[in-house]
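Novice:
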Amino acid sequence: MKSHEEKVGIIGAGIAGLTLGCTLLQNGIPAIIFEQSSKVSSYGAGISLSQNALCLLDRLNILANLEERSCSHSKVIFQGPKKNICELNTPFKIITSRRQELINCLLERYINLGGEILYNHSLKKFNQSNNKIKFHNNNEYSVIHLAACDGIRSSIRDNFFTNQQPKYSGYSAWRGVGRSDLQCIHFVLGPKSHIVNYPLNKEGDVSFVAVKKEEGKFSESWREEGTYNSFLNDFALYDPAIFPTIENSQKLYKWGIYVRPPLKSMIGENITLLGDAAHPMVPFLGQGGCMAIEDAYSFGILCKKAEGDFQKAQNVYDSIRNKRTKLIQRLSRRQANIYHMQNPILVAARNVALKFSFIPIYELKNIHTYDAHNYIVKNRLKF
Ligand SMILES: Cc1cc2nc3c(=O)[nH]c(=O)nc-3n(C[C@H](O)[C@H](O)[C@H](O)COP(=O)(O)OP(=O)(O)OC[C@H]3O[C@@H](n4cnc5c(N)ncnc54)[C@H](O)[C@@H]3O)c2cc1C
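Numbering that gives the first Met the number 0 puts the first residue of the sequence shown at 0, with every later residue one more than the last.
Quick look at the structure:
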C-alpha cells in the first residue's frame, strides 16, 4: 500500500479533475489524480466556454495559453431553417476551442505545478472510514479526502450516493468537425431540433452539434457511428449548406444525451462529487464543462480557506454549488423548449424576443457574470 495520506485523491482526469488538481496545487494543497485511461483524452470535438469559467481559468494562469489555441467571439447569429432571425453582439466573453486543447492546457498547468497523475488506475473500491482506495490493477493508496470527478457514469455516485443510472434525456446529437469560413457562433433553430456551429481555430475547422428531440433507444455506449446520409436524413428540413463541409473520410457520431436526476447533496463522508459526477445536464446552454470548472475551483479554494478541515470545506461547497448547478440544470432543459418550438405564433414571439435581446441578456447575465472566486472571497461565508 502506497501512502498519500496528505494528498487529496482525485478520481478522473477530465475537466473537473484537472481543474481541481490545478486549484489545489496552486493553493499549496497536495493532490494526486487517478485516471482509468492510458492518457488524458476527451470525446466530442468542440467546446464553448463562457466568462464564468474563463475568469477562473485566468486565475489559474491557463487562459492566455488556451486563448492562443481558440477563437474568441463577440457575435452570435440566430437563424431559422429558412431565414435569418437576428445577429447579436455578445456582452460577455465566449471562446470556442477543441476539447483536447482545453484538456492539454489544464494538464500542462497541472504538471508545471508539480502535479502527479497515475494512468490505468480505474477505481474499484473506496473505504470511507480509513480513506483507502483500491484500483482494478490491485494498487492501493491512502488519501486525506476523495474528490469524485469521474463523469456522468460515476461509480462513486452509484456506490455512495444513489444508484439511479443515467437516463436518456429524449435528445440525440450528431457531433463532428467540418471546414468552413464561419467566424462566429451560429445557431439554427427548427421544430424539435437545432444546430450549433462554431469555429475551433483560425484554420477553418468548424464544430457542429445537431440536436434532435427523439424518442428511442441508444446503445449502452451512448455513442454510435453513423453515415453522412443518415445524418442529412435526420435534418432533412434544413438546407445542407448550413453545415460545414464534411469530408467523406470523416467519421460521424450520433450520441444519445443522458442525464441523472439532481442530488440532495453533493457531499458524503470524506467524499465530494464534482462536475458531471454530481450534476450531468443537457448541453443546451453550453454549461456542463463550465460548471465542472466552477465546482472544482470553488472546492479547491474552500479547502484552502478551511485550513485542512475538509468537512467544513464540503459543507460550504454543498451549500453554494448545489443551488447554482440545480438552477442551471433546469435552465438548460428549458432552453431546448425555447429552441425547439413548433407553434408558429410562439416561434414568432421567440424570434422577436431574441431580436431585441430579451432572452439572451436576461437569461445569460446571471450565468455568465458569476465569478466563483469573488463569490467565496467577498461574501463572508460561514464555516
Ligand atoms: C453534445 C454535448 C456538447 C457539450 N458542449 C458543451 C459546451 O459547449 N460547453 C460546456 O461547458 N460543456 C459542454 N458539454 C458538457 C461537458 O462536456 C461536460 O459537462 C464535461 O465534460 C464534464 O467534465 P467532467 O470532468 O465532470 O467529466 P468527464 O469529462 O466525463 O471526465 C471524467 C473522467 O473520469 C475518468 N473516469 C471515469 N470513471 C473512472 C474510474 N472509475 N476510475 C478512474 N477514472 C475514471 C474518465 O476516463 C474521464 O477522464 C457538452 C456535452 C455534450 C454531451
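Ideal Cβ positions, reconstructed from N, Cα and C, are used throughout, including at glycine.
All figures in this text were calculated on a predicted structure; none of them were measured in a lab.
Threshold first: 3 residues or longer. Then list the beta strand (DSSP E) segments lying entirely within the stretch 54-136, N to C.
Specialist: Fully enclosed beta strand (DSSP E) runs of 3 or longer: 70-78, 83-97, 115-117, 122-126 and 131-134.
Novice: Leaving out the 5 sequence neighbours to the left and right, which residues in its chain are closer than 7 Å to E219 when beta-carbon positions are compared?
Specialist: Here E219 scores only 49 on pLDDT, less than 50, and its place in the model should not be relied on; the value that follows carries that caveat. There are no such residues.
Novice: The beta strand (DSSP E) with D204 in it runs from where to where?
Specialist: Unbroken beta strand (DSSP E) run through D204: D204 to K212.
Novice: My assumption, with CB atoms under 8 Å, is that L122 sits in contact with I10. Please give the rounded CB distance.
Specialist: Indeed, because the Cβ distance is near 5 Å, the residues count as touching under 8 Å.
Novice: So, S192 versus H339, is the Cβ gap smaller than 8 Å?
Specialist: Yes, the pair counts as a contact, with Cβ atoms nearer than the cut-off.
Novice: Per DSSP, what are the beta-bridge partners of Y197 in this structure?
Specialist: Per DSSP, S206.
Novice: What would DSSP say about Y170, mapped onto helix, strand or coil?
Specialist: DSSP places Y170 in strand when its eight states are reduced to three.
Novice: Please go through the same chain and pick out, in chain order, the residues whose beta-carbon is closer than 7 Å to the beta-carbon of G69, but skip the five residues on each side of it.
Specialist: Before going on, a small fix: residue 69 reads as Ser here, not Gly. Excluding sequence neighbours, S69 sits near I94, T95, S96 and E100.
Novice: Which word fits K364, buried or exposed, when buried means at least 16 other C-beta atoms lie within 10 angstroms of its C-beta?
Specialist: Exposed, since its Cβ has fewer than 16 Cβ neighbours within 10 Å.
Novice: Indicate, with yes or no, if ligand 1 has a heavy atom lying under 7 Å from the CB of H339.
Specialist: No, the beta carbon of H339 sits no closer than 7 Å to any heavy atom of ligand 1.
Novice: Would the beta-carbon of F242 be found less than 7 Å away from any heavy atom of ligand 1?
Specialist: No.
Novice: Once DSSP output is grouped into helix, strand and coil, what is the label at I31?
Specialist: Reduced to three states, the DSSP call for I31 is strand.
Novice: Looking at V205: is its Cβ nearer than 8 Å to the Cβ of L181?
Specialist: Going by C-beta atoms, V205 is nearer than 8 Å to L181.
Novice: How would you call I270, buried or exposed, if buried means at least 16 neighbouring beta carbons within 10 angstroms?
Specialist: That one is buried.
Novice: Taking 7 Å as the line, does the beta carbon of I72 fall inside it for any heavy atom of ligand 1?
Specialist: The sequence shown places His at residue 72, not Ile. It does not: the Cβ of H72 is nowhere closer than 7 Å to a heavy atom of ligand 1.
Novice: Is there contact here, the stretch 43-58 with the stretch 284-304, by at least three beta-carbon pairs under 8 Å?
Specialist: These segments touch.
Novice: Could you give the residue range of the beta strand (DSSP E) that holds L251?
Specialist: From DSSP, the beta strand (DSSP E) with L251 extends over L251 to V258.
Novice: Could you name the residues of the same chain whose beta carbon sits closer than 7 Å to that of C289, not counting the 5 residues immediately before and after it, in chain order?
Specialist: Excluding residues within five positions, the ones whose Cβ falls inside 7 Å are L48, S49, N51 and A52.
Novice: Per DSSP, which one or two residues make a beta bridge with T244?
Specialist: Answer is R178, bridged to T244.
Novice: Let me check understanding here. Comparing Cα to Cα, which of T22, N129, A12 and F159 lies closest to G299?
Specialist: Checked all of T22, N129, A12 and F159; the closest Cα to G299 is T22.
Novice: Closer than 7 Å: is that where the CB of E34 sits relative to any heavy atom of ligand 1?
Specialist: Checking the Cβ of E34 against ligand 1 gives yes.
Novice: Could you pull out every unbroken alpha helix (DSSP H) segment of at least 4 residues lying fully inside the stretch 264-352, listed in chain order?
Specialist: Listed in chain order, the complete alpha helix (DSSP H) runs (minimum 4 residues) inside the stretch 264-352 are 287-304 and 309-338.
Novice: From S297, F309 and S331, pick the residue whose C-alpha is nearest to that of N373; which is it?
Specialist: N373 has its Cα closest to that of S297, out of S297, F309 and S331.
Novice: Provide the residue span of the beta strand (DSSP E) that contains S49, from first to last.
Specialist: From DSSP, the beta strand (DSSP E) with S49 extends over G45 to S49.
Novice: I'd like to check one pair, C148 with A348: are the Cβ atoms closer than 8 Å?
Specialist: No, the Cβ-Cβ distance between A348 and C148 is not below 8 Å.
Novice: Tell me which residue opens and which closes the alpha helix (DSSP H) that V187 is part of.
Specialist: Here V187 belongs to no alpha helix (DSSP H); instead the beta strand (DSSP E) covers I184 to G189.
Novice: For A15, which of helix, strand or coil comes out of DSSP?
Specialist: Helix at A15.
Novice: Between the alpha carbons of I61 and S71, how many angstroms are there, rounded?
Specialist: Cα to Cα, I61 sits roughly 15 Å from S71.
Novice: Measuring CA to CA, which of Y237, L236, K250 and V281 is closest to E224?
Specialist: Looking at the Cα atoms, K250 is the closest of the given residues.
Novice: Can you determine whether any heavy atom of ligand 1 sits closer than 7 Å to the C-beta of A276, and answer yes or no?
Specialist: Because some heavy atom of ligand 1 lies under 7 Å away, the Cβ of A276 counts as near it: yes.
Novice: Check whether the stretch 280-289 and the stretch 228-245 are in contact - that is, three or more C-beta pairs closer than 8 Å.
Specialist: The stretch 280-289, when compared against the stretch 228-245, does not touch it at the 8 Å Cβ threshold.
Novice: Going straight from the alpha carbon of Q334 to that of F283, what length do you get?
Specialist: Going from the Cα of Q334 to the Cα of F283 covers about 6 Å.
Novice: Does the separation of the CB atoms of Y397 and P80 fall below 8 Å?
Specialist: The requested residue 397 does not occur in the structure, where the chain is confined to residues 0 to 382.
Novice: Can you give me the C-alpha to C-alpha distance between S141 and E115, rounded to a whole angstrom?
Specialist: If you take the alpha carbons of S141 and E115, they lie about 15 Å apart.
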